[in-house]
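Only one structure is covered here, and it is reproduced in the block below.
Chains as they are written, first to last, in my numbering: chain A, 4 to 169; chain B, 1488 to 2008.
Encoded structure:
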């Protein structure tokens, strides 16, 4: 991936959470057991497949889904339904399937409320992650550094410079 | 802190503290008129604001439940939040991007200029551009609009450089950074923009005019404003003569109060102002206050707005700098040869990664989606704002479910008129062409997202049978009831509406003062 400037979260907000680097990360989850969590990771990786990203952002996304499921019984039921449907569609669990089979399953359930809620929520959470911002070149909060007025707001140099006062 | 008694029936009660309500509260207070300003949201200041799209969205947005229906894409993609406005002292000026453009003479004579378009309820404005121009002048001075009163323009940012190169290549010579109520140099005690890219998240720096950072502090300093945050208006009462006499509101403790009033000004944005009137039924107004002709909530407009994102070979970093600092007006005039009525403006648009990914094409997933999103650094954005056609059934109504305050939840119904579809199509093609001319590899046509330009649902009209309000924004049926938000627009025009809302509110304050001095209010 290209090298981008450092991304920052607003210093007034909590930092993105730190999860264990190994498989034990699922132990902190309340709404999902390990198989469900891993199915949701595979779901998120199929919805938003970024081969250059490690597991960290996807795990944090599922940890936020776990928060949602704990707080909202209606959404918890939809997420449970999603896991059941994607894990039950083939003779192997979703996480064991190749990408083509995973995509085929998701296309089948694309119109369902469970898929729609899970897809929208994964997009919301995954791209609101500092590690993802850094990877894709979104620098995030800037006011604590005086904005971009002296940090490149007009540094694009591959097109002609507009005239003064335009 | 100034406090007026609940029984003080000499006060003007203003509901809502955004562009219309916050402005008129100040304009009345500085004329020595006592004002009680009811704001549903909290009183937040620069210390509270954050540089974070999602946290700011949760902090500032009006997130109470709404319903949506109609053929518009928003009803499918954003069924719970079909409109996007703010809750907090400052209203939607906490969120606005600072664009300040005037309506044109043609737009204010839409029915005469566009003709009889089937399915529309077009009217001419009951006031002329000439009548409004002095108030535009005053509003621009108040707000410190760039390129007016000797103020310099905002400087070009990276995203603008892309727009500029493409526009010039196609001969669109009007392209400029546009006019904004955002300081390029210090003005009125506020600093210049730091180009932090978070103007719409409350604007921590304060370079952009808002009622939160300009009008309300100045109004409080007069000693004539009693500001009551976390005060949710739920009902407007009238007396036996049919004049508005009090506003019922619920405070943060859940206690209901009755504030008596000499004059009432509603400015809660389209949905809330319409909802409040529809809910304020009585024997005299069985269909809602000021709704004898049935126009309250109707003719709802939200502009033809949409975005194009394009991927380039090299970095843009569009998140750096003022987000909408780019403008061209080649398509702003009414030109029937294009096959549709009305015009549109092309403006700059940028978003951070979280918003762009979420709004790019709701429901889109998989390799192709991910491949676009991960090129975020190389993406540039354009936006269009165009005139949509008023239709009687595009409207705000009450559902049969009530909210926590006992007021029915609103439904927003909107379907595109064929004219809107033709304009959308034209606009997408124009925006793609501009980016292609600058070297775009690929463009994504993003569907409309929750409406921020909410207009027309309690419109001004010369005749009571055509609209709720007269040319001073006063209810035809209730002569001490005014509306100061964008729901008072007779038609939508094409441009971002805030400057016009402010100019109309300033004009309205002068009218109210005159009426009071003459003993008529």
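Each residue gets a CB set at the ideal place from its N, CA and C atoms; glycine is no exception. Small disclaimer: the values here were computed from a predicted structure and weren't measured.
Exercise. Is the region 73–89 of chain A close to the region 119–136 of chain A, with three or more CB pairs under 8 Å?
Worked result: By the criterion of at least three beta-carbon pairs nearer than 8 Å, the region 73–89 of chain A is in contact with the region 119–136 of chain A.
Problem set entry | Contact list for residue 1891/B against chain A, beta-carbon separation under 9 Å | Position 404 of the second chain, counted from the first residue, corresponds to residue 1891/B. Ordered by position in chain A, no residue passes the 9 Å Cβ test against residue 1891/B, which lies about 18 Å from the chain.
For this session: Using DSSP bridges, identify the partner residues of residue 1565/B.
Result: The sequence position of residue 1565/B within the second chain is 78, counting from 1. BP columns for residue 1565/B are empty, so no partner.
Exercise. Whole alpha helix (DSSP H) runs in the region 1901–1929 of chain B with 4 or more residues, listed along the chain?
Worked result: Whole alpha helix (DSSP H) segments, 4+ residues: 1905–1924.
For this session: Pick out the complete beta strand (DSSP E) segments inside the region 1541–1565 of chain B, 3 residues or longer, and give them in chain order.
Result: Entirely contained in the region 1541–1565 of chain B, the beta strand (DSSP E) runs reaching 3 residues are, in chain order, 1554–1556.
Exercise. Taking Cβ to Cβ, would you say residue 1826/B is nearer than 7 Å to residue 1981/B?
Worked result: The residue labelled residue 1826/B in the question sits at position 339 within the second chain. The residue labelled residue 1981/B in the question sits at position 494 within the second chain. The Cβ atoms of residue 1826/B and residue 1981/B do not sit closer than 7 Å to each other.
Exercise. So the beta strand (DSSP E) residue 1725/B belongs to, where does it begin and stop?
Worked result: Reading the second chain from its first residue, position 238 is the one you call residue 1725/B. Secondary structure note for residue 1725/B: its beta strand (DSSP E) is the uninterrupted segment 1719–1725.
Problem set entry | residue 2001/B - DSSP class collapsed to helix/strand/coil | As a working note, residue 2001/B is residue 514 in the second chain. Residue state, collapsed to three classes: helix.
For this session: Go through its chain and collect everything with a Cβ distance to residue 1712/B's Cβ below 7 Å, but skip five positions before and after it.
Result: For this step, residue 1712/B is matched to residue 225 along the second chain. Correct list, in chain order: 1489, 1512, 1516, 1522, 1524, 1706.
For this session: Could you tell me which residues DSSP puts in a beta bridge with residue 1779/B?
Result: The residue given as residue 1779/B occupies position 292 in the second chain. By DSSP's assignment, residue 1779/B forms no beta bridge with any residue.
Exercise. Within this structure, are the beta carbons of residue 1561/B and residue 1504/B separated by less than 7 Å?
Worked result: Taking the first residue of the second chain as position 1, residue 1561/B is located at position 74. Taking the first residue of the second chain as position 1, residue 1504/B is located at position 17. Taking a C-beta distance under 7 Å as the contact criterion, residue 1561/B and residue 1504/B do not qualify as a contact pair.
Problem set entry | Simplified DSSP state of residue 1836/B, which is helix, strand or coil | Position 349 of the second chain holds residue 1836/B. In the structure shown, the three-state DSSP call for residue 1836/B is coil.
For this session: Less than 8 Å between the CB atoms is what I'm expecting for residue 1614/B and residue 1906/B, so what's the real figure, rounded?
Result: Position 127 of the second chain, counting from 1, holds the residue named residue 1614/B. Position 419 of the second chain, counting from 1, holds the residue named residue 1906/B. Under the criterion of beta carbons closer than 8 Å, residue 1614/B and residue 1906/B do not qualify as touching, at roughly 24 Å.
Exercise. Using the beta-carbon of each residue, which ones in chain A are nearer than 7 Å to residue 2010/B?
Worked result: The first residue shown for chain B is 1488 and the last is 2008, placing residue 2010/B beyond what the model contains.
Exercise. Between which two residues does the beta strand (DSSP E) containing residue 1736/B stretch?
Worked result: On the second chain, position 249 is the one that residue 1736/B refers to. Note, residue 1736/B: beta strand (DSSP E), 1731–1737.
Exercise. In chain order, what residues of the region 1787–1809 of chain B put their CB closer than 9 Å to some CB of chain A?
Worked result: For the region 1787–1809 of chain B, which is checked against every Cβ of chain A, the residues closer than 9 Å are 1799, 1800, 1801, 1802, 1803, 1804, 1806, 1807, 1808, 1809.
Problem set entry | Nonlocal neighbours in the same chain, by C-beta distance under 6 Å from residue 1654/B, ignoring five residues either side | Sequence index remark: in the second chain, residue 1654/B carries index 167 (1-based). 1662, 1815, 1921, listed in sequence order.
Exercise. Rounded to a whole number of angstroms, what is the C-alpha to C-alpha distance between residue 1736/B and residue 1810/B?
Worked result: Sequence index remark: in the second chain, residue 1736/B carries index 249 (1-based). Sequence index remark: in the second chain, residue 1810/B carries index 323 (1-based). C-alpha separation (whole angstroms): 36 Å.
Exercise. Does residue 139/A have its Cβ less than 7 Å from a Cβ in chain B?
Worked result: Sequence index remark: in the first chain, residue 139/A carries index 136 (1-based). Yes, its Cβ sits closer than 7 Å to a Cβ of chain B.
Exercise. Can we count residue 1960/B as close to the ligand MN, meaning its CB is less than 6 Å from some heavy atom?
Worked result: Absent from the structure shown: the ligand MN. Ligands present: none.
Problem set entry | Simplified DSSP assignment, three categories, for residue 143/A | Locating residue 143/A in the first chain gives position 140, where the first residue counts as 1. When DSSP states are grouped into helix, strand and coil, residue 143/A belongs to the strand group.
Problem set entry | Three-state class that DSSP yields for residue 1573/B in the structure shown | For this step, residue 1573/B is matched to residue 86 along the second chain. Three-state DSSP puts residue 1573/B in a strand.
Problem set entry | Nearest to residue 1880/B (by Cα), restricted to the options 1889/B, 1900/B, 1861/B | Locating residue 1880/B in the second chain gives position 393, counting from the first residue. Of the candidates 1889/B, 1900/B, 1861/B, the one whose C-alpha sits nearest the C-alpha of residue 1880/B is 1900/B.
Problem set entry | Residues that DSSP places opposite residue 1947/B in a beta bridge | Counting from 1 along the second chain, the entry for residue 1947/B is found at position 460. BP columns for residue 1947/B point to 1956/B.
For this session: Kindly give me the distance between the Cβ atoms of residue 1689/B and residue 1677/B, rounded to whole angstroms, as I take these residues to be in contact under 8 Å.
Result: As a first step, residue 1689/B is located in the second chain; it is residue number 202 there, counting from the start. As a first step, residue 1677/B is located in the second chain; it is residue number 190 there, counting from the start. The Cβ separation is near 14 Å, so there is no contact.
Exercise. Can you find a CB in chain B that lies within less than 7 Å of the CB of residue 133/A?
Worked result: On the first chain, position 130 is the one that residue 133/A refers to. Taking 7 Å as the CB threshold, residue 133/A stays off the interface with chain B.
Exercise. Can you list, in chain order, the stretches of the alpha helix (DSSP H) that have 4 or more residues and sit fully within the region 1963–2008 of chain B?
Worked result: Taking 4 residues as the shortest admissible run, the region 1963–2008 of chain B contains the following complete alpha helix (DSSP H) segments, listed from N- to C-terminal end: 1985–2004.
Problem set entry | As assigned by DSSP and simplified to three states, the class of residue 157/A | Numbered from its first residue, the first chain carries residue 157/A at position 154. Note: residue 157/A maps to coil in three-state DSSP.
Exercise. Since residue 1713/B sits in a beta bridge, which residues does DSSP pair it with?
Worked result: As a first step, residue 1713/B must be located in the second chain, where it is residue number 226. Partner(s): 1523/B.
Exercise. Below 7 Å between beta carbons: does that hold for residue 1780/B and residue 1931/B?
Worked result: Walking along the second chain from the start, residue 1780/B turns up at place 293. Walking along the second chain from the start, residue 1931/B turns up at place 444. Result no, Cβ atoms of residue 1780/B and residue 1931/B do not sit closer than 7 Å.
Exercise. Thinking just about the alpha-carbon of each residue, which of 1868/B, 1531/B, 1555/B, 1558/B is nearest to the one in residue 1438/B?
Worked result: Nothing can be reported for residue 1438/B: it is not among the residues displayed for chain B, which extend from 1488 to 2008.
Exercise. Are the C-beta of residue 18/A and some C-beta of chain B separated by less than 7 Å?
Worked result: Numbered from 1 along the first chain, position 15 holds the residue referred to as residue 18/A. Residue-level contact by beta carbon fails for residue 18/A and chain B, as no gap is shorter than 7 Å.
Exercise. Under the rule that 16 or more other beta-carbon atoms within 10 Å means buried, what is residue 167/A, buried or exposed?
Worked result: Here residue 167/A refers to the residue found at position 164 when the first chain is read from its first residue. By the C-beta density criterion, residue 167/A is exposed, having fewer than 16 other C-beta atoms within 10 angstroms.
Exercise. Should residue 23/A go down as buried or exposed, given a rule of 16 or more other Cβ atoms within 10 Å for buried?
Worked result: By 1-based counting over the first chain, the position of residue 23/A is 20. If you draw a 10 Å sphere on the C-beta of residue 23/A, you find fewer than 16 other C-beta atoms in it, and that means exposed.
Exercise. Can you name the start and end residues of the beta strand (DSSP E) that residue 1876/B belongs to?
Worked result: In the second chain, residue 1876/B corresponds to position 389, counting from 1. It is not in any beta strand (DSSP E) - residue 1876/B carries neither H nor E in the DSSP assignment.
For this session: Answer yes if the region 1856–1868 of chain B comes into contact with the region 46–63 of chain A, meaning at least three C-beta pairs across the two stretches below 8 Å, and no otherwise.
Result: Cβ pair count under 8 Å is three or more, so yes.
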